[in-house]
Amino acid sequence: MVQRRSMEKAKDEEGKKVVEKAKTEEEDDCYVIDPEDFFRKLTVSDPCDSDDVILVAEKGPVALRDFPHPRHLCANFPFNSTAHESHCSKCFCYVCEVAAPCRQWNGSNGHCNVSTKEKPQQLEASLAEDKKALKPC
1 MVQRRSMEKA
11 KDEEGKKVVE
21 KAKTEEEDDC
31 YVIDPEDFFR
41 KLTVSDPCDS
51 DDVILVAEKG
61 PVALRDFPHP
71 RHLCANFPFN
81 STAHESHCSK
91 CFCYVCEVAA
101 PCRQWNGSNG
111 HCNVSTKEKP
121 QQLEASLAED
131 KKALKPC
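Given below as structure tokens:
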């Protein structure tokens, strides 16, 4: 519910005085759309043909797309169907906890390949390699 205040100027019966009064208007954030108009704009094949779910709209931010997230959970670059080296501007390295790409992002043992499904030993080995690589000379 949105409330708007506006000032109205009104004159008394004699027309001499100007009186200001506050007027409050209420508007709903939700609008009713005529179903006929909605379905005219929406063209979807026969929904009885398959059991698939059809997404027709989204509103507001999506957590795994619009906010910082680990690479393996990225909605822009699905982990199972895109190259692991790919990343969006909100991805971060799951190992280093820094914005992607980190120093050890690429390669077969790169941090881009790490996910929560990895065995703890693999994650620990990756962390141990990182510590060795980051030691000063």
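Numbering follows the UniProt record's numbering, with no gaps: position 16 of the sequence shown is 16. Where a beta carbon is used, it is the ideal one built from N, C-alpha and C, also for glycine.
- Each residue's CA atom was taken as its position, placing T116 and H72 some 8 Å apart.
- In the DSSP assignment, A83 is bridged to no other residue.
- Collapsing the DSSP output to three states places A63 in a helix.
- When only Cα atoms are considered, V114 and C91 end up about 13 Å apart.
- It is roughly 36 Å from the alpha-carbon of N109 to the alpha-carbon of G60.
- Exposed is the label assigned to A83, since fewer than 16 other Cβ atoms lie within 10 Å of its Cβ.
- A straight line joining the alpha-carbon of V56 with that of A128 spans about 46 Å.
- Taking a C-beta distance under 8 Å as the contact criterion, H111 and C88 do not qualify as a contact pair.
- Around the beta carbon of V53, a 10 Å sphere encloses fewer than 16 other beta carbons of the protein chains shown; the residue is thus reported as exposed.
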